[in-house]
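Below is one structure, written out as structure tokens, with a few remarks after it.
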Amino acid sequence: MPNNNHLSPEDIDRFRRQAPRAGYWLGVLLTHPVIHDNQQHPQAQQNPPAPYHPQAQQNPPALYYPPAPPHMNPPPKFYPAQAQPLPAMPVFPQANPPVPYAPPPHTHVQPQYAPPVYQQHPPYYAQSRYYQTIANPANVTQYTVSVPLNTGTVGGIVRRTKLRLPTNLAFNDFFSRICARMDLDPVSACIGYKIVPGQRARDKPYQISNEGEYRAAVTNVVDRIDRARTREVFMEILNLDPPRRAVEARGMKRTNQVNDETLNTNLNFNKQLQELREHLQCQKHRGRHCYIDPITADHRELDIATQTRWAKLIVASVIPSNPKTDLLFKLAVKAAYRLASTELHFPSCPF
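Quick note: the sequence shown, position 38, residue 38 per full-length UniProt numbering, numbers continuous.
Right, dumping it as structure tokens:
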């Protein structure tokens, strides 16, 4: 127990009034206001408190009617803020009744101190584009159908064409038109559709095989057209059957051709080579084959390679007496290297 002899009676009384719990734990006071009080009065903790009985609700406050100014109609009735009905959306000025403003607070208790409040104009709500579109739907009488072509051929190039069909077209007429454009048999054809834009490329198409599915497709397209803003909405037709026909081959040999002759790719020039060698046999140079220039009468010996080449050209309508000297005897030589200060000149070959 700490020694508190240095505290005056005024300090001990101040602890008892302002901090009785702290004074007990610091050793200033001898009793705790809660611990010792429960020990002295144990019956007070056993008796439970009396149950709470709420009072009956009072009648709602009477409506307040502010005094009307002279030469004016009385203002509408005011209701408490919690009793105001919320207007349903959308609300237009011509169809919205005047809603009274809530009175100032505490006016239902002291109405004589409330200033008069009058309705100036009904609240205005902005009109939504969505509600305008639904309120005035477009009168859709036709829709666009994208029909694929050449879908029954394996490896064929698929092209598309667009049709404008009425919304009240019968199912049989619609099915026959689509099959005629796609070159399909209406008895065994199986077609589906997608609505673009709206469905992704990986989404499975919907099948059209009876009147109910066709009407559901047309209704879906018309609904999308009603909600469209800028992009064109159309029905994309798809062929659900795999292609079965093969691509028609072009430019290939057929068995029923009239002139079915195999072309000979071997070039036979033995006869022309023999005649050329007899013509070029030189009388001056025995055992050689020379070409005599008709102008200078010079002899030029021709080797077997040149003779063979000349014989091949003879097959191509080149006669021995008039050879193509510019092409026949012009050997492939390297181009002359020209210097900046010196030019090299070679004598021209008659062949």
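Where is the CB? At the ideal position from N, CA and C, for every residue including glycine.
Predicted model only: the values in this text are computed from it and were never measured.
Check: Which word fits residue 162, buried or exposed, when buried means at least 16 other C-beta atoms lie within 10 angstroms of its C-beta?
Finding: With fewer than 16 other Cβ atoms inside 10 Å of its own Cβ, residue 162 counts as exposed.
Item checked: As assigned by DSSP and simplified to three states, the class of residue 212 -> Three-state result, residue 212: helix.
Notebook entry, point to check: Considering residue 23, what are the terminal residues of the alpha helix (DSSP H) in which it resides?
Noted result: Residues 20-25.
Next item on the list: With distances taken Cα to Cα, identify the nearest neighbour of residue 228 among 8, 20, 143.
Entry: Comparing Cα positions, the closest option is 143.
Check: In chain order, what residues of the same chain lie with their CB nearer than 7 Å to the CB of residue 33, ignoring the 5 residues before and after it?
Finding: If we look at residue 33 and ignore the five residues flanking it on each side, its Cβ neighbours are 20, 21.
Note to self: Taking only three categories from DSSP, how would you classify residue 174?
What the structure shows: Secondary structure at residue 174: helix, using DSSP grouped into helix, strand and coil.
Next item on the list: Inspect the beta-carbon positions of residue 305 and residue 276 and report whether they are closer than 8 Å.
Entry: With contacts defined by Cβ atoms closer than 8 Å, residue 305 and residue 276 do not form a contacting pair.
Margin query: Restricting to runs no shorter than 3 residues, where is the beta strand (DSSP E) found entirely within the stretch 144-196?
Written below: The stretch 144-196 contains these whole beta strand (DSSP E) runs: 159-166, 191-196.
Item checked: Cβ distance (whole Å) where residue 149 is taken to contact residue 192 below 8 Å -> Contact flag wrong, Cβ pair sits at about 16 Å.
Notebook entry, point to check: Excluding sequence positions up to five away, which residues of its chain have a Cβ less than 6 Å from the Cβ of residue 146?
Noted result: Once the five neighbours on either side are set aside, the close Cβ partners of residue 146 are 160, 162, 234, 236.
Item checked: Of the residues 288, 296, 297, the one placed nearest residue 307, counting alpha carbons only -> Considering only alpha carbons, the answer is 288.
Notebook entry, point to check: residue 17: buried (16+ other C-beta within 10 angstroms of its C-beta) or exposed?
Noted result: Counting Cβ neighbours within 10 Å, residue 17 comes out exposed, since fewer than 16 surround it.
Next item on the list: Go ahead and pull the three-state DSSP assignment for residue 199.
Entry: For residue 199, the secondary structure class from DSSP, reduced to helix, strand or coil, is coil.
Notebook entry, point to check: Taking the alpha-carbon positions, what's the residue 290 to residue 268 distance?
Noted result: Near 24 Å, if we compare the C-alpha coordinates of residue 268 and residue 290.
Checklist line | Bridge-paired residues (DSSP) for residue 238 | finding: Beta bridge pairing from DSSP links residue 238 with 192.
Next item on the list: Just tell me which of 295, 272, 301, 212 has its CA closest to the CA of residue 281.
Entry: Ranked by how close their Cα comes to the Cα of residue 281, the residues 295, 272, 301, 212 have 301 in first place.
Check: Mapping DSSP to helix, strand and coil, what is residue 232?
Finding: Residue state, collapsed to three classes: coil.
Note to self: Could you give the first and the last residue of the continuous beta strand (DSSP E) run that contains residue 300?
What the structure shows: Note, residue 300: beta strand (DSSP E), 299-301.
Notebook entry, point to check: With a Cβ-Cβ cutoff of 8 Å, do residue 215 and residue 198 count as a contact?
Noted result: Residue 198 is positioned such that its CB atom lies no closer than 8 Å to that of residue 215.
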